[in-house]
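Okay, structure first, notes after.
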Amino acid sequence: MLTRILRYVKGYVRIRIRGNSPERFLNLCRYHHIPVWGLEPKGHAYEMYVTIHGVKHLGPILRKTNTRMRILKKYGLPFFLFQHRKRKVFFAGCLGCLALIYVLSLFVWDIQIEGNYKKTDETLLAFLRKEKIACGMRRSEVDCPEIAKMIRKEFEDVIWVSASLEGCRIRIAIKENSDSGEEAEQGAEEKKTGENSEEGTDLIAEKDGVVRKIVVRNGIPQVHEGDQVKKGDLLVSGKVEIKNDSQEITGWQYQHSDADIWMETEQEYEDILNLSYKEKRYEKREKHQIYWKTGKKEYALGSEMKAGKQMEIHSSEVRIGLSKSFQFPISVGIRTMRTYKNIGKTYTQEEFQKILSERFALFQRDLRKKGVQILENNVKIYKDKDNAYARGTLTLLEKCGKERKTEHGNVREND
Amino acid sequence: MGTRQNKKNNGKEPRGDIVRKKIAEAADVPKDVVLGMPLVSLTGKAELCIENYRGILEYTEELIRIRTKEGVLRVTGRRMRIEYYLDDEMQITGNIAKVEFENKEDGHC
Numbered sequence: 001m002l003t004r005i006l007r008y009v010k011g012y013v014r015i016r017i018r019g020n021s022p023e024r025f026l027n028l029c030r031y032h033h034i035p036v037w038g039l040e041p042k043g044h045a046y047e048m049y050v051t052i053h054g055v056k057h058l059g060p061i062l063r064k065t066n067t068r069m070r071i072l073k074k075y076g077l078p079f080f081l082f083q084h085r086k087r088k089v090f091f092a093g094c095l096g097c098l099a100l101i102y103v104l105s106l107f108v109w110d111i112q113i114e115g116n117y118k119k120t121d122e123t124l125l126a127f128l129r130k131e132k133i134a135c136g137m138r139r140s141e142v143d144c145p146e147i148a149k150m151i152r153k154e155f156e157d158v159i160w161v162s163a164s165l166e167g168c169r170i171r172i173a174i175k176e177n178s179d180s181g182e183e184a185e186q187g188a189e190e191k192k193t194g195e196n197s198e199e200g201t202d203l204i205a206e207k208d209g210v211v212r213k214i215v216v217r218n219g220i221p222q223v224h225e226g227d228q229v230k231k232g233d234l235l236v237s238g239k240v241e242i243k244n245d246s247q248e249i250t251g252w253q254y255q256h257s258d259a260d261i262w263m264e265t266e267q268e269y270e271d272i273l274n275l276s277y278k279e280k281r282y283e284k285r286e287k288h289q290i291y292w293k294t295g296k297k298e299y300a301l302g303s304e305m306k307a308g309k310q311m312e313i314h315s316s317e318v319r320i321g322l323s324k325s326f327q328f329p330i331s332v333g334i335r336t337m338r339t340y341k342n343i344g345k346t347y348t349q350e351e352f353q354k355i356l357s358e359r360f361a362l363f364q365r366d367l368r369k370k371g372v373q374i375l376e377n378n379v380k381i382y383k384d385k386d387n388a389y390a391r392g393t394l395t396l397l398e399k400c401g402k403e404r405k406t407e408h409g410n411v412r413e414n415d
Numbered sequence: 001m002g003t004r005q006n007k008k009n010n011g012k013e014p015r016g017d018i019v020r021k022k023i024a025e026a027a028d029v030p031k032d033v034v035l036g037m038p039l040v041s042l043t044g045k046a047e048l049c050i051e052n053y054r055g056i057l058e059y060t061e062e063l064i065r066i067r068t069k070e071g072v073l074r075v076t077g078r079r080m081r082i083e084y085y086l087d088d089e090m091q092i093t094g095n096i097a098k099v100e101f102e103n104k105e106d107g108h109c
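Chains A and B, in that order, are what the protein sequence lines are.
Residues 1 to 415 in full-length UniProt numbering are what the first sequence lists, from first letter to last.
Residues 1 to 109 in full-length UniProt numbering are what the second sequence lists, from first letter to last.
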């Protein structure tokens, strides 16, 4: 492919040679480093392709071998340019196009942000716009380390930023702090607790249930396997007694309780599905509109479209560019409007059973993802006039234990 | 010197070539590089690539004779076309039937 392109750029010709010793002609071409290809015998003559440079050096060889040469056809860019030499406007257009591409390549036409989950693209772009970093700025003015620095400074929960210039696109990759919410507060609290030895944490039950397994790493267990507990009951105490040699309590030490407590709990499950629903029936007639956008301006061809009741408008848009990193500030798209009618329908028994079963399966999958084991499942599907229900009780084996500040006297109250 | 050696060998391989051949065999070096032997690669019946050749002796659609260091290579077939003919490599396409080295006794050369 590359060879073909190079040959086209340099130009080549199809020649026909006729003589007594074409083999000698070919060998002399090879000796003088003149490349020959597409060689075919045609009756008493031979046809082949030779480069323009090669043709210029064929004279002595032709004389030496007493061969006659005829140029059959000319190929390549030099011949194309010569043929169209009088079409000045066409060449001016080509040059203008190249110049335009060059000028456009001097500016930034796209800002791509990756890795943001909490901060939206709009928030970050608005901030960048405020700092005069926007589409349309010169590429030479882009200072990537400065952009990264500004974002880190402005957004505290952004822990890592990388800004790079790829063609006409600024690519900003960020990483947000996932512990920044409750966990950070909790961490700070823990730290605080650690600093002050008078503060400790207990573990309390979040739900009613039966303790099935308990492994305590820190703190004093207040329940045993098989114990029935209620919501809010103390499971592990962070208040540890300090005893002297004669087993008398001399003081208390407060610790951060840490334990794995598995409890058998019961959970109610209810899912209601309205049996009547509306289905969209699209009409065959569609309206199309072609449009192109440059910046905030939009130009459209075709009938005007306004959103209304029982109407759907969807559009697909393509950004024009030479590559992913060199895109022009022009987008072209097509917009389609479809009207529909709402038709009232009712779920059949099979349908509502399927929907409710699928929803329940999803619920079970979510529970399993959290590490909860389902021991028993009594969920059943019922139906009345208007609704269908999936209702029942699940017996679960799950990890329990919610942290709470240790209160003075907790242990005694339990005693 | 070389002529004398050739005479001594009575038309056999020159002594220099024998030495080179032995060195190439001992050192496990490709013979086409050291001895300039022709390298012929055939792709099915449709394509033949030849390296280390000296020149074309005859070319028609049915027969191509190529001079190499080892002798004359005779390619017979139908509708044969030389795809390219460069300093070090040439490619023949078409319906290739036979590729053989000519015997000097045959009198083709």
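Even glycine gets a Cβ: it sits at the ideal position worked out from N, Cα and C.
Under a three-way DSSP split, which group does N27 (chain A) fall into? Walking along the first sequence from the start, residue 27 (chain A) turns up at place 27. Helix.
Are E206 (chain A) and K231 (chain A) touching if we call contact CB-CB under 8 Å? Position 206 of the first sequence holds residue 206 (chain A). Position 231 of the first sequence holds residue 231 (chain A). The answer is yes: Cβ separation under 8 Å.
Can you tell me which of A:C400, A:N387, A:R281 and A:I34 puts its alpha carbon nearest to the alpha carbon of Y340 (chain A)? Translated into positions along the first sequence, residue 340 (chain A) becomes position 340. Selected option, being the one with the closest Cα: A:R281.
Identify the continuous beta strand (DSSP E) that holds H288 (chain A) and give its terminal residues. Walking along the first sequence from the start, residue 288 (chain A) turns up at place 288. It spans S276 to T294 - the beta strand (DSSP E) in which H288 (chain A) sits, taken as one unbroken run.
Test: G107 (chain B) CB closer than 8 Å to a CB of chain A: As a working mapping, residue 107 (chain B) is identified with position 107 in the second sequence. Low confidence applies here, because G107 (chain B) scores a pLDDT of 49, under 50, leaving its location unreliable and the question unanswered by this model.
Less than 8 Å between CB atoms is the rule here; does R81 (chain B) satisfy it with respect to chain A? Counted from its first residue, the second sequence places residue 81 (chain B) at position 81. Cβ-Cβ to chain A under 8 Å: yes for R81 (chain B).
Out of curiosity, what's the CA-to-CA distance linking S140 (chain A) and M80 (chain B)? Counting from 1 along the first sequence, the entry for residue 140 (chain A) is found at position 140. Counting from 1 along the second sequence, the entry for residue 80 (chain B) is found at position 80. The alpha-carbon atoms of S140 (chain A) and M80 (chain B) are separated by roughly 58 Å.
Please classify W160 (chain A): is it buried, with 16 or more other beta-carbons within 10 angstroms of its beta-carbon, or exposed? As a working mapping, residue 160 (chain A) is identified with position 160 in the first sequence. The residue is exposed, with fewer than 16 neighbouring Cβ atoms inside 10 Å.
Status (buried if at least 16 other CB within 10 Å, exposed otherwise) for L57 (chain B): Working through the second sequence from its first residue, we reach residue 57 (chain B) at position 57. Classification of L57 (chain B): buried, given that the 10 Å Cβ count is 16 or more.
Chain A contacts from the stretch 58-71 of chain B (Cβ-Cβ distance under 8 Å): E58, Y59, T60 and E61
Mind checking which residues open and close the alpha helix (DSSP H) that includes M150 (chain A)? Translated into positions along the first sequence, residue 150 (chain A) becomes position 150. Looking at the DSSP string, the run of the alpha helix (DSSP H) that includes M150 (chain A) is C144 to E154.
Rounded to a whole number of angstroms, what is the C-alpha to C-alpha distance between R4 (chain A) and L165 (chain A)? As a working note, residue 4 (chain A) is residue 4 in the first sequence. As a working note, residue 165 (chain A) is residue 165 in the first sequence. Distance between the alpha carbons of R4 (chain A) and L165 (chain A) is about 34 Å.
C49 (chain B) - DSSP class collapsed to helix/strand/coil: Against the second sequence, residue 49 (chain B) aligns to sequence position 49. DSSP places C49 (chain B) in strand when its eight states are reduced to three.
Residue range of the unbroken beta strand (DSSP E) whose run includes H314 (chain A): One-based indexing of the first sequence puts residue 314 (chain A) at position 314. Here the beta strand (DSSP E) through H314 (chain A) covers M311 to S323.
Below 8 Å, can you find three or more Cβ-Cβ pairs linking the stretch 221-240 of chain A to the stretch 257-264 of chain A? yes
Below-8 Å beta-carbon distance, L301 (chain A) vs any chain B residue: In the first sequence, residue 301 (chain A) corresponds to position 301, counting from 1. No, L301 (chain A) lies away from the interface with chain B (no Cβ there is under 8 Å from its Cβ).
Return the bridge partner residues of I204 (chain A) from the DSSP annotation. The count along the first sequence starts at 1 and reaches residue 204 (chain A) at position 204. Per DSSP, A:L234 and A:K402.
I need the straight-line Cα distance from I34 (chain A) to R63 (chain A), nearest angstrom please. In the first sequence, counting from the first residue as 1, residue 34 (chain A) sits at position 34. In the first sequence, counting from the first residue as 1, residue 63 (chain A) sits at position 63. One C-alpha to the other measures close to 16 Å.
Note down, in chain order, each residue of its chain lying with its Cβ closer than 8 Å to the Cβ of E70 (chain B), except the 5 sequence neighbours on either side. In the second sequence, the residue the question calls residue 70 (chain B) occupies position 70. Cβ within range, chain order: M37, P38 and F101.
P221 (chain A) - partner residues in DSSP beta bridges: For the purposes of this step, residue 221 (chain A) is taken as residue 221 along the first sequence, with counting starting at 1. In the DSSP output, where bridge partners are listed per residue, P221 (chain A) has A:V236.
Beta-carbon proximity check, G38 (chain A) vs E83 (chain B), cutoff 8 Å: Here residue 38 (chain A) corresponds to residue number 38 of the first sequence, with the count starting at 1. Here residue 83 (chain B) corresponds to residue number 83 of the second sequence, with the count starting at 1. Yes; because the gap between Cβ atoms is below 8 Å, this pair is in contact.
Step through the CB atoms of chain A and report whether any lies within less than 8 Å of the CB of G55 (chain B). As a working mapping, residue 55 (chain B) is identified with position 55 in the second sequence. Closer than 8 Å: yes.
Please decide whether M37 (chain B) counts as near chain A, where near means a Cβ-Cβ distance under 8 Å. Position 37 of the second sequence, counted from the first residue, corresponds to residue 37 (chain B). No, no contact with chain A.
Mapping DSSP to helix, strand and coil, what is R15 (chain B)? Along the second sequence, one-based indexing puts residue 15 (chain B) at 15. Helix.
Got a sec: is the Cβ-Cβ distance from residue 448 (chain A) to anything in chain B below 8 Å? Only positions 1 to 415 of chain A appear in this structure, which leaves residue 448 (chain A) out of reach.
Name, in chain order, the residues that DSSP records as bridge partners for D271 (chain A). Here residue 271 (chain A) refers to the residue found at position 271 of the first sequence. Answer by DSSP bridge pairing, in chain order: A:A390.
Looking at chain A, is there any beta carbon in it that lies within less than 8 Å of the beta carbon of L86 (chain B)? By one-based count along the second sequence, residue 86 (chain B) stands at place 86. Judged by the 8 Å Cβ criterion, L86 (chain B) is in contact with chain A.
C-alpha gap between Y299 (chain A) and E176 (chain A), whole angstroms: Taking the first residue of the first sequence as position 1, residue 299 (chain A) is located at position 299. Taking the first residue of the first sequence as position 1, residue 176 (chain A) is located at position 176. Roughly 39 Å between the two C-alpha positions.
Spatial neighbours of P22 (chain A) in its chain, beta-carbon cut-off 6 Å, leaving aside the 5 residues before and after: Counting from one through the first sequence, the residue named residue 22 (chain A) turns up at place 22. Closer than 6 Å at Cβ, skipping near neighbours: Y46.
Length of the line joining the Cα atoms of K306 (chain A) and G295 (chain A): Here residue 306 (chain A) is taken as the residue at index 306 of the first sequence, counted from 1. Here residue 295 (chain A) is taken as the residue at index 295 of the first sequence, counted from 1. Between K306 (chain A) and G295 (chain A), the C-alpha separation is close to 21 Å.
Using a Cβ cut-off of 8 Å (strictly closer), state whether P60 (chain A) contacts chain B. Taking the first sequence and counting its residues from 1, one reaches residue 60 (chain A) at position 60. For P60 (chain A), the answer is no, since every Cβ of chain B falls outside 8 Å of its Cβ.
Rounded separation between L322 (chain A) and L100 (chain A) - CA only: Position 322 of the first sequence, counted from the first residue, corresponds to residue 322 (chain A). Position 100 of the first sequence, counted from the first residue, corresponds to residue 100 (chain A). Looking at the two C-alpha atoms, the distance is approximately 13 Å.
Residues of chain B with CB under 8 Å from R30 (chain A), in chain order? Taking the first sequence and counting its residues from 1, one reaches residue 30 (chain A) at position 30. Near R30 (chain A) (Cβ distances below 8 Å), the residues of chain B are G55, Y85, L86 and D87.
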